[in-house]
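These notes are about the structure you will find just below.
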Amino acid sequence: MGETFEKLDKKKTEWQTLLADDSYAVLFKEATEPAGTSTLNDEKRNGTFVCAACYLPLFESTAKYNSGTGWPSFFDAISGHVGTKTDFKLLLPLY
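Heads up: the sequence shown runs through residues 6 to 100, numbered per the numbering used here.
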């Protein structure tokens, strides 16, 4: 894509008023939606998956695969658009 994007300067309270409670929890509080509940699991059309809050392009549909986990899964993100961190919530780190 080659586009650059500036980080949005909104307070979490602003996002909270714009998003549904469950969306806000997933996007800003590291909550997890129940497995198998996302309508994106069965999404097969060509296109781009975007952030539910700011609409930043995150993943191309060609990078989506069925991981069997119950959540939409991607093997590649759009460069520079997705941050990662190590998850230590379950004793051992998850990457």
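Glycine included, every Cβ here is placed at the ideal spot set by N, Cα and C.
How many whole angstroms separate the CB atoms of residue i and residue j, which I take to be in contact at a CB cut-off of 8 Å?
| i | j | result |
| --- | --- | --- |
| VAL31 | THR22 | Not really, about 16 Å apart at Cβ, beyond 8 Å. |
| PRO62 | THR53 | 5 Å |
| PHE64 | ALA82 | 6 Å |
| SER28 | ALA57 | 5 Å |
| LEU13 | CYS59 | 5 Å |
By alpha-carbon positions, which one of the options ends up nearest to residue i?
| i | options | result |
| --- | --- | --- |
| THR67 | THR74, TRP76, PHE80 | PHE80 |
| THR42 | THR74, ARG50, THR18, PHE33 | THR74 |
| VAL87 | VAL55, ASN51, LYS15 | VAL55 |
Can you list, in chain order, the residues of its chain with a C-beta nearer than 7 Å to that of residue i? Leave out the 5 residues immediately preceding and following it.
| i | result |
| --- | --- |
| TRP20 | TYR29, PHE33, ALA58 |
| LYS17 | PHE33 |
Near residue i, which residues of its chain fall below 8 Å by C-beta distance, leaving aside the five closest residues on each side in sequence?
| i | result |
| --- | --- |
| ASN46 | GLY75, TRP76, PRO77 |
| TYR70 | SER78, PHE79, PHE80 |
Practice item. Run through the stretch 8-95 for me and flag every whole alpha helix (DSSP H) of 4 or more residues, listed as ranges in chain order. Key: 17-23, 26-33
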